[in-house]
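Structure, as structure tokens:
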Amino acid sequence: MANFDLDLTRVTEAHYITGKAAINFPWPGSTTGGWHVLGYWDRDGGQVKVSLAGIHYPDTSFLFGTTGVLDAREELAKRGWHLDSAIYMADHFRAAADMVTAWAIGQNEHCNVELADWFPAHEDHTTVVRMLESSLSKLEYTEQQRLSHWLKRQSVYQ
Numbered sequence: 078m079a080n081f082d083l084d085l086t087r088v089t090e091a092h093y094i095t096g097k098a099a100i101n102f103p104w105p106g107s108t109t110g111g112w113h114v115l116g117y118w119d120r121d122g123g124q125v126k127v128s129l130a131g132i133h134y135p136d137t138s139f140l141f142g143t144t145g146v147l148d149a150r151e152e153l154a155k156r157g158w159h160l161d162s163a164i165y166m167a168d169h170f171r172a173a174a175d176m177v178t179a180w181a182i183g184q185n186e187h188c189n190v191e192l193a194d195w196f197p198a199h200e201d202h203t204t205v206v207r208m209l210e211s212s213l214s215k216l217e218y219t220e221q222q223r224l225s226h227w228l229k230r231q232s233v234y235q
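Each residue of the sequence shown is one higher than the last, beginning at 78 in my numbering.
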């Protein structure tokens, strides 16, 4: 099974865009996230490469609700993607939380998310850490332990 879709047809509020396509989306005024937008959003080439919550990534709504899930249609239209309906996408904070959660509940030994890379400002870094900390009590014991240990290594500002 592919880890991404090549179009936006399956995007819904429940199956919003998350992961690297969301973390690399250039939200206006944002100083967070990655900067590899063309790897996921190539309007000139007419291609997207997106991962969807609940399909390619775990459904994390039981942890975070709809926090950080935005209608990106207006921002996509500014970049030449004219769409007839809402296109839901995680903001950078939610995308990072989804990526870390996918690791915490999965089987991979190493998490490839380094918060300082995408959230260099103290306030932004703290926002993601607090979001993830709020999910700890809702996870299974092993998942709690994995996430807790990871958070200790990421919390450089505390």
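Beta carbons: idealized from backbone N, C-alpha and C, even for Gly. A quick note: this is a predicted structure, and the numbers were derived from the prediction, not measured.
Exercise for the section: Would you mind sorting N80 into buried or exposed? The rule is 16 or more other CB atoms within 10 Å of its CB. Expected result: exposed
Practice task
Flag this pair as yes or no: are the beta carbons of A172 and G110 separated by less than 9 Å?
Solution key: yes
Exercise for the section: Report yes or no: do the region 146-156 and the region 177-193 share at least 3 C-beta pairs separated by less than 8 Å? Expected result: no
Handout entry: Opening and closing residue of the beta strand (DSSP E) in which D161 lies
Key = Here D161 belongs to no beta strand (DSSP E), and DSSP marks it neither H nor E.
Exercise for the section: Confirm, please, whether the CB-CB distance from Y165 to I100 is below 9 Å. Expected result: no
Handout entry: DSSP bridge partner residues for L147 (one or two, in chain order)
Key = M166
Handout entry: 4 or more residues per run - each alpha helix (DSSP H) lying fully within the region 188-213
Key = 192-195, 199-210
Problem - Supposed contact pair G96 and M176 - C-beta distance, whole angstroms, cut 8 Å - result: 6 Å
Handout entry: Buried/exposed call for H133, threshold 16 Cβ in 10 Å
Key = buried
Problem - Inside the region 112-140 only - beta strand (DSSP E) runs reaching at least 3 residues - result: none
Handout entry: Cβ separation of H92 and L147, assumed to be a contact under 8 Å, to the nearest whole Å
Key = Not really, about 14 Å apart at Cβ, beyond 8 Å.
Problem - For D175, the three-state DSSP class (helix, strand or coil) - result: helix
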